[in-house]
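Encoded as structure tokens, the structure appears first; notes follow it.
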Amino acid sequence: MSQETDPEPSLVPQLKCEPTNTGNFLCLHTSPPLQIALHGMSALTHTRLSKNAFDLCLELMEAGVKSKALADIVLYTLKCKKDANLIHSQTP
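Now the structure itself:
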């Protein structure tokens with residue numbers, strides 16, 4: 740029977756319970772209440788983003804992507820999707 744050993748404590752990543760600052764944004768994965776609040780704000784402002792898409796946008800901003808550039812891309816993508824749906828609905 741083999742005996743398992745615990746890894747050295749210095750090699751095990753420690754989870755932080757409070758938000759950490761990366762650039763201008765907080766790491767949301769360390770603050771579930773903040774993440775819930777932001778999802779609520781997203782729903783209230785009708786961003787039309789799914790939870791996964793919204794999470795991805797937040798991760799990109801945490802990684803340093805400029806929020807204005809990201810917003811422009813999201814708006815352009817939503818416009819293209821709307822136009823494609825309009826064309827599809829008009830096709831016999």
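All residue numbers for the sequence shown refer to this note's numbering, where the first residue is 740 and numbers rise by one.
For every residue, glycine included, the Cβ atom is placed at its ideal position computed from N, Cα and C.
Would you decide whether residue i is buried or exposed? Buried here means 16 or more other CB atoms lie within 10 Å of its CB.
{"i": "Ser781", "result": "buried"}
{"i": "Cys796", "result": "buried"}
{"i": "Gln829", "result": "exposed"}
{"i": "Asn824", "result": "exposed"}
{"i": "His827", "result": "exposed"}
For residue i versus residue j, is the C-beta distance shorter than 7 Å?
{"i": "Leu799", "j": "Leu809", "result": "yes"}
Return the Cβ separation of residue i and residue j in integer angstroms, given the expectation that the two are a contact with Cβ distance under 8 Å.
{"i": "Thr786", "j": "Phe793", "result": "7 Å"}
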